[in-house]
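Working notes, structure below.
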Amino acid sequence: MLSRTVLLMVVILAVHASVAASARDLEAMQGEWVVDHAESPTGEILKAYEGTMRHTVRGSKAYHSEKGQTVETSFVLDDTNFPSRQLVTRHKGQIGRAIYRIDGDKQTVIVLCGPDQDWPTEFKPGPFDLVLVFRRVTQ
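Take the numbering used here: the final residue in the sequence shown is number 133, and no numbers are missing along the way.
Shown next, in the form of structure tokens:
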């Protein structure tokens, strides 16, 4: 009986630590961001996005402009794995997957675009993935 109690306490502590870490990541993502670097799956640098593509994060929602309209997406963070994962619900109900890393005012997101692609075990893009490097917009 004691071992079940200890196991339950370990599980509760692990869940609490994960929720706290995800909350820290969510807090770090808040605010306005602009793309510093964008790279297509073919390695092509997407200059049209750099310095012009912006998004604002409020809570677990992100807002960006697309074809003159504001688009809202919602997301859920999961940092219980490495690399940290992000599930995104897009404006038409599509579910997107990404891995992310936050380093102060820099956020790197690798959008997983491969068909039936497993979650990566390293923080590096696969052959179909889009890489976006954001920097925080400071006033």
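In this text, a Cβ means the ideal position worked out from N, Cα and C, and glycines have one as well. All figures in this text were calculated on a predicted structure; none of them were measured in a lab.
How far does the beta strand (DSSP E) with E33 in it reach, from first residue to last?
G25 to E33
Skipping 5 residues on each side, what residues in its chain have a beta carbon closer than 7 Å to that of S68?
S54, K55 and T83
Just curious, the beta strand (DSSP E) that E60 is in, first and last residue?
K55 to E60
Beta-carbon contacts of S78 that lie in its chain and below 6 Å, excluding the five residues immediately before and after:
Y94
Minimum C-alpha distance to V131 - residue among D19, R18, M23 and A17:
M23
What is the DSSP secondary structure of L71, reduced to helix, strand or coil?
strand
By how many angstroms is the C-alpha of E60 removed from the C-alpha of K41?
16 Å
DSSP state of R84, grouped into three classes?
coil
Identify the continuous beta strand (DSSP E) that holds K41 and give its terminal residues.
No beta strand (DSSP E) holds K41; DSSP gives it neither H nor E.
Would you decide whether A109 is buried or exposed? Buried here means 16 or more other CB atoms lie within 10 Å of its CB.
Contrary to the premise, residue 109 reads as Pro rather than Ala in this sequence. So P109 counts as exposed.
Give the DSSP-derived three-state secondary structure of E116 in the structure shown.
coil
With DSSP as the reference, label L7 as helix, strand or coil.
With a pLDDT of 31 at L7, under the threshold of 50, the predicted position of this residue should be treated as unreliable, and no value is reported.
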